[in-house]
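**Student:** Dropping the structure in here first, questions after.
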Amino acid sequence: MKRVIKGRKRKVMPKGRSKKRIIKGPIKRKSKRIAKARIKGIKAQPVVQEFAEKGVPAEAQKNKVEQAKYYPRPSTYMPPREWEKEELPSHYGDNKVVVLVRDPYWLYAYWEITDERKSNVETETQASWSDLRKVLRVNDVTDIIFDGTNANKSFDIDPTSDANNWYIHVGEPNRSWCVDLGAVAPDGRFILIARSNVVTTPRDSASDVIDEEWMSLEEEFAKLYGLFGGFGVSSPQMVELRKKMKERLQMELASGAVSSFARPPLERGFWLVVNTELIVYGATEPSATVTVQGRSIKLNRDGTFSLRLALPAGEQVIPVKAISADKAEERTITPVVRKYIK
Amino acid sequence: MEKGYLAIVLHSHLPYVRHPEYEDFLEEDWFYEAITETYIPLISVFSGLVRDGVDFRITMSITPTLASMLADSLLQDRYIRHLDSLIDLSNREVERTRWQPEFNRLALMYQAKFNEARHIFVDRYHKNILTAFKEFQDLGKLEIIASAATHGFLPLMEVCPKSARAQIRVGVNNYEAHFGRRPRGFWLPECGFYPGVDQHLKEAGLKYFFIDSHGILHGSPRPKYGVYAPIYCKSGIAAFGRDWESSKQVWSAVEGYPGDYNYREFYRDVGFDLDYEYIKPYIHKDGIRINTGIKYYRITGRTSDKEPYNPDWARERTAEHAGNFMFNREKQVEYLFDILKRTSITIAPYDAELFGHWWYEGPMFLDYLFRKIYYDQKTLKVITPSEYLEQNPRNQVITPSLSSWGWKGYCEVWLEGSNDWIYRHLHKASERMTELNNNFPNADGLLKRALNQALRELYKVKSHR
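Here it is, written out as structure tokens:
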């Protein structure tokens, strides 16, 4: 239900909802649908501009553009939202970096560095903080106990200097990662500021590990793998299946699907509806009994009555009959109403 | 002898919404709508099946937030107020549509349904419909499973293991308080699994949980039976994987049943369609138009010129769809029996609110499905995961893969540009809560209450969206 709830929030501003909670600014995503469209339409240009403005040398710029291609949105740096500034601290006085797994290919890191640590680093490197290159060193620590030197491999990312979080494209499922946050001294030394937790990217395809006790033929497994997705089993090649799995995961078959449920796009957008209703109202002695078209209706305390009826095309004969409490008197008035559409 | 089993799993969840300070709080309406359109119709279906001697099995999660709302007397009384207003509206609609027989029959249908809902809610279950679900559980037809305290997406809380563990433990305790026994099964919010969370589940005394297909299929070592048999995690708890095919038939708006043109159109509601002055007493007190639940049209087609809903056509189509779903499961089970050489289990999980609220005919679909499976064939049987495990205790041990049933299958829905900022704060809050608890291990009285309140606030923050 949750996505739906979001949808409704857009329509109305319910009572009791703090305005502060509405996220302002360009990062506001009205729905996941929009978010998807943006991701699809990503372009590296805004990042290029950003780097260009900051006067990064051309060669470095090119590298950054290459790197930026992998980013799912123009820039990972988000200025703090207004209410975020009001309600939540912008930092907690920690020196730390935390890594989360987004999917088989991407990690997300957020970090914080205290001013004290920054000045320590300045002292250590004899350089000002703003001149230092800040680096996320992404270490592949699969199957090892990482001590800072024994990574299987590692690569560096230079986040923009004002960033405090970044999406990292590791591109490799089923590997373990540890991120070192640091600064690079003018002499090339890496000064470690904080080391992250270790995370493992999930597999994006079937495991190669086969359990002897529970062995199955490759072909059999491919059939099962294919069957779950209704992929059909005509091409039980794992490569093909992997592709199909990816397509299947793009489809939305869970809570999120509900918001657009049973609502394929309409043929055309413009529309007009016109309806008519008829109000039959009147008054009599409060003690009288009144019927409209033979059906009795309830009188208000003062003897008035009112009936509201949807009026379809055609003729309506509407006898309104009132009978006095002692049944001695009776009055009938019969309006006739004809509706037609020109 | 049946060749395979089907487990229908409904996940019922609503975020916690309770605002005693406001007379009319919009978000509470979602809760009321879900009662009228989903929970009560499901109770009606289950009662009918029991009455007619149809042996059926269904598994349902009722999350702690939803259970707490259903048990809350303020919300119960407000629901009755809400329902009475709906009954009043339906009475006026019966009158208003006097000259339009195609709408009048629908107004009468709603009038009858709302009155029946009132009867079930007030007279039969004395305002607490958790009792109803508990009864079906005690009869052995329904297995209610637990879920995380506030529907927190656990894979992104891996760095705060204490919080993940607390989400689970609180969920399990809440279950016990409401249903009078320990839960066997657990619904991971959004099917969000990461290797390691199974250990917390196991420690909480749980026997099994559900996971999306690729969580099992990409597990290691390779699962011999795919998603068609449970596996054990190394911690010893069982995991059941979702079957994609049966999901698609119901979920997909394009290929799925609910998009059928004869079914009721969700997006045409008298709350939006009728003259403002007339409908005003039945919409939000601030005058904002909202869904009332009275909807007169069928989907009709890809057009905005909607035709009136015809309950007879919809019923026929529902029966056809239930038959088709059963036929496909039979074929699937036969096929699986040939390659697996063992009785398979097909897990078909859905959001409960899909049935009735979104897909109006959904509860009727389940009714037909259970009846057809019971009377019309012998290949397939419905089962709960607990029963299946009792019958098939020997299963492969694998480590499932991190996964969710969200868009793209992992964490992206909960970790992208609009929401990623929250994690630094969320993790910090968790860390501080842990510190507080460590500093005051023997807290009592006011201090204990303060700590509990802090914990509750933390859970509220974690309830995603």
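Residue numbers (this note's numbering), protein chains in the order written: chain S, 1 to 342; chain Z, 1001 to 1465. Even for Gly, the Cβ is constructed at its ideal location relative to N, Cα and C.
Determine, using beta-carbon pairs with one atom in the stretch 1319 to 1329 of chain Z and one in the stretch 1193 to 1212 of chain Z, whether at least three such pairs fall under 8 Å.
**Tutor:** No contact exists between the stretch 1319 to 1329 of chain Z and the stretch 1193 to 1212 of chain Z.
**Student:** Looking at the structure shown, is Phe1056(Z) part of a helix, part of a strand, or coil, going by DSSP?
**Tutor:** Taking the second sequence and counting its residues from 1, the one referred to as residue 1056(Z) is at position 56. Coil at Phe1056(Z), not helix or strand.
**Student:** Alpha carbon to alpha carbon, how far is Gly1219(Z) from Ile1087(Z)?
**Tutor:** What you label residue 1219(Z) is simply residue 219 of the second sequence in a count that begins at 1. What you label residue 1087(Z) is simply residue 87 of the second sequence in a count that begins at 1. Cα to Cα, the separation comes out at about 52 Å.
**Student:** Measuring only the C-alpha atoms, how far is Arg1371(Z) from Gly1259(Z)?
**Tutor:** To locate residue 1371(Z), count along the second sequence from 1; it is residue 371. To locate residue 1259(Z), count along the second sequence from 1; it is residue 259. Roughly 23 Å between the two C-alpha positions.
**Student:** What's the C-alpha gap between Ala1238(Z) and Tyr1079(Z)?
**Tutor:** Position 238 of the second sequence, counting from 1, holds the residue named residue 1238(Z). Position 79 of the second sequence, counting from 1, holds the residue named residue 1079(Z). If I take the Cα positions, the gap works out to 38 Å.
**Student:** Helix, strand or coil: which one does DSSP assign to Ile1383(Z)?
**Tutor:** As a first step, residue 1383(Z) is located in the second sequence; it is residue number 383 there, counting from the start. Ile1383(Z) falls in the coil class under three-state DSSP.
**Student:** Hey, is Ile341(S)'s beta-carbon within less than 8 Å of any beta-carbon in chain Z?
**Tutor:** By one-based count along the first sequence, residue 341(S) stands at place 341. Cβ-Cβ to chain Z under 8 Å: no for Ile341(S).
**Student:** Any C-beta of chain Z sitting closer than 8 Å to the C-beta of Asp103(S)?
**Tutor:** One-based indexing of the first sequence puts residue 103(S) at position 103. It does; some Cβ of chain Z falls within 8 Å.
**Student:** Whole angstroms is fine: what's the gap from Pro1385(Z)'s alpha carbon to Gly1409(Z)'s?
**Tutor:** The sequence position of residue 1385(Z) within the second sequence is 385, counting from 1. The sequence position of residue 1409(Z) within the second sequence is 409, counting from 1. If I take the Cα positions, the gap works out to 23 Å.
**Student:** Assess contact between the stretch 172 to 181 of chain S and the stretch 1169 to 1181 of chain Z, defined as three or more Cβ pairs (one per stretch) separated by less than 8 Å. Is contact present?
**Tutor:** The answer is no - the stretch 1169 to 1181 of chain Z does not touch the stretch 172 to 181 of chain S, with fewer than three Cβ pairs under 8 Å.
**Student:** So which of Leu1436(Z), Lys1248(Z), Lys1285(Z), Phe1133(Z) has the shortest CA-CA distance to Arg1329(Z)?
**Tutor:** Reading the second sequence from its first residue, position 329 is the one you call residue 1329(Z). When only C-alpha atoms are compared, the closest one is Lys1248(Z).
**Student:** According to DSSP, Val179(S) sits in a beta bridge with which residue or residues?
**Tutor:** Locating residue 179(S) in the first sequence gives position 179, counting from the first residue. Val138(S).
**Student:** Measuring CA to CA, which of Glu1002(Z), Pro1064(Z), Leu1075(Z), Arg1051(Z) is closest to Glu1028(Z)?
**Tutor:** Position 28 of the second sequence, counted from the first residue, corresponds to residue 1028(Z). Per the Cα distances, Leu1075(Z).
**Student:** Looking only at its own chain, which residues have a Cβ that is under 8 Å from the Cβ of Val1017(Z), when we skip the five neighbours before and after it?
**Tutor:** Sequence index remark: in the second sequence, residue 1017(Z) carries index 17 (1-based). Cβ within range, chain order: Phe1025, Glu1027, Glu1028, Trp1030, Phe1031, Met1069.
**Student:** Just grab the DSSP bridge partners of Thr1036(Z) for me.
**Tutor:** Within the second sequence, numbered from 1, the residue matching residue 1036(Z) stands at position 36. For Thr1036(Z), which the question treats as bridged, DSSP gives no partner whatsoever.
**Student:** Going by alpha carbons, who is nearest to Met1364(Z) out of Phe1153(Z), Thr1038(Z), Pro1015(Z), Leu1006(Z)?
**Tutor:** Locating residue 1364(Z) in the second sequence gives position 364, where the first residue counts as 1. Selected option, being the one with the closest Cα: Thr1038(Z).
**Student:** Verify whether the separation of the beta carbon atoms of Leu132(S) and Pro159(S) is less than 8 Å.
**Tutor:** The residue given as residue 132(S) occupies position 132 in the first sequence. The residue given as residue 159(S) occupies position 159 in the first sequence. Contact flag unset, no.
**Student:** Determine the extent of the alpha helix (DSSP H) in which Ser1430(Z) is found, giving its start and end residues.
**Tutor:** The sequence position of residue 1430(Z) within the second sequence is 430, counting from 1. Unbroken alpha helix (DSSP H) run through Ser1430(Z): 1422 to 1439.
**Student:** Please check if any C-beta of chain Z sits within less than 8 Å of the C-beta of Val98(S).
**Tutor:** Residue numbering aside, residue 98(S) sits at position 98 when the first sequence is read from its first letter. Cβ-Cβ to chain Z under 8 Å: yes for Val98(S).
**Student:** Using only the alpha-carbon positions, how far apart do Lys1134(Z) and Phe1179(Z) sit?
**Tutor:** Counted from its first residue, the second sequence places residue 1134(Z) at position 134. Counted from its first residue, the second sequence places residue 1179(Z) at position 179. When rounded, the distance between both Cα atoms is 6 Å.
**Student:** Flag this pair as touching only if the stretch 1099 to 1111 of chain Z and the stretch 1049 to 1064 of chain Z have three or more C-beta atom pairs under 8 Å; answer yes or no.
**Tutor:** These segments do not touch.
**Student:** Quickly, what does DSSP pair Pro1308(Z) with across the bridge? List them, please.
**Tutor:** Along the second sequence, one-based indexing puts residue 1308(Z) at 308. Tyr1297(Z), per the DSSP bridge assignment.
**Student:** Look at Gln1396(Z) and Trp214(S) and say whether their C-beta atoms are less than 8 Å apart.
**Tutor:** In the second sequence, counting from the first residue as 1, residue 1396(Z) sits at position 396. In the first sequence, counting from the first residue as 1, residue 214(S) sits at position 214. Against a cut-off of 8 Å, the Cβ pair of Trp214(S) and Gln1396(Z) comes out as a contact.
**Student:** So what does DSSP say about Trp1187(Z), is it helix, strand or coil?
**Tutor:** Residue 1187(Z) sits at position 187 when you count from the first residue of the second sequence. Strand.
**Student:** Starting from the C-beta of Trp1244(Z), find all residues in its chain whose C-beta is less than 6 Å away, skip the five residues before and the five after it, and write them out in chain order.
**Tutor:** Your numbering for residue 1244(Z) matches position 244 in the second sequence. Taken in chain order, the residues that qualify are Ser1213.
**Student:** Between Asp187(S) and Thr125(S), what straight-line distance do the alpha-carbon atoms span, to the nearest angstrom?
**Tutor:** Your numbering for residue 187(S) matches position 187 in the first sequence. Your numbering for residue 125(S) matches position 125 in the first sequence. Near 8 Å, if we compare the C-alpha coordinates of Thr125(S) and Asp187(S).
**Student:** Indicate whether Met1060(Z) and Leu1014(Z) have their beta-carbon atoms separated by less than 8 Å.
**Tutor:** Taking the first residue of the second sequence as 1, we reach residue 1060(Z) at position 60. Taking the first residue of the second sequence as 1, we reach residue 1014(Z) at position 14. No, these two residues do not count as a Cβ contact at 8 Å.
**Student:** Does the beta-carbon of Ser161(S), which I'm using as the reference point, lie nearer than 7 Å to any heavy atom of the ligand MN?
**Tutor:** In the structure on display, the ligand MN does not appear, and there are no ligands present to speak of.
**Student:** Please state the DSSP three-state secondary structure of Ser1220(Z).
**Tutor:** For the purposes of this step, residue 1220(Z) is taken as the residue at position 220 of the second sequence. The answer is strand: DSSP assigns Ser1220(Z) an E or B state.
**Student:** Under 8 Å between C-beta atoms, does Ser1430(Z) make it to chain S?
**Tutor:** In the second sequence, counting from the first residue as 1, residue 1430(Z) sits at position 430. Output row for Ser1430(Z): interface = no.
**Student:** Run through chain S and tell me which residues come within less than 8 Å of Pro1221(Z), C-beta to C-beta.
**Tutor:** By one-based count along the second sequence, residue 1221(Z) stands at place 221. The contacting residues are Ser207, Val209, Ile210, Asp211, Trp214.
**Student:** Within 10 angstroms of its Cβ, does Ile1168(Z) collect 16 or more other Cβ (buried), or is it exposed?
**Tutor:** Here residue 1168(Z) corresponds to residue number 168 of the second sequence, with the count starting at 1. Buried: at least 16 other Cβ atoms inside 10 Å.
**Student:** Residues of chain S with a CB under 8 Å from the CB of Leu1156(Z): which are they?
**Tutor:** Stepping through the second sequence from its first residue, residue 1156(Z) is reached at position 156. The contacting residues are Leu100.
**Student:** For Asp1084(Z), decide whether its Cβ has a neighbour in chain S, counting only Cβ atoms nearer than 8 Å.
**Tutor:** Along the second sequence, one-based indexing puts residue 1084(Z) at 84. Not an interface residue.
**Student:** Out of His1425(Z), His1357(Z), Asp1312(Z), state which residue places its alpha-carbon closest to the alpha-carbon of Lys1295(Z).
**Tutor:** To locate residue 1295(Z), count along the second sequence from 1; it is residue 295. Comparing Cα positions, the closest option is His1357(Z).
**Student:** Hey, how far is the Cα of Pro286(S) from the Cα of Lys321(S)?
**Tutor:** For the purposes of this step, residue 286(S) is taken as the residue at position 286 of the first sequence. For the purposes of this step, residue 321(S) is taken as the residue at position 321 of the first sequence. Going from the Cα of Pro286(S) to the Cα of Lys321(S) covers about 14 Å.
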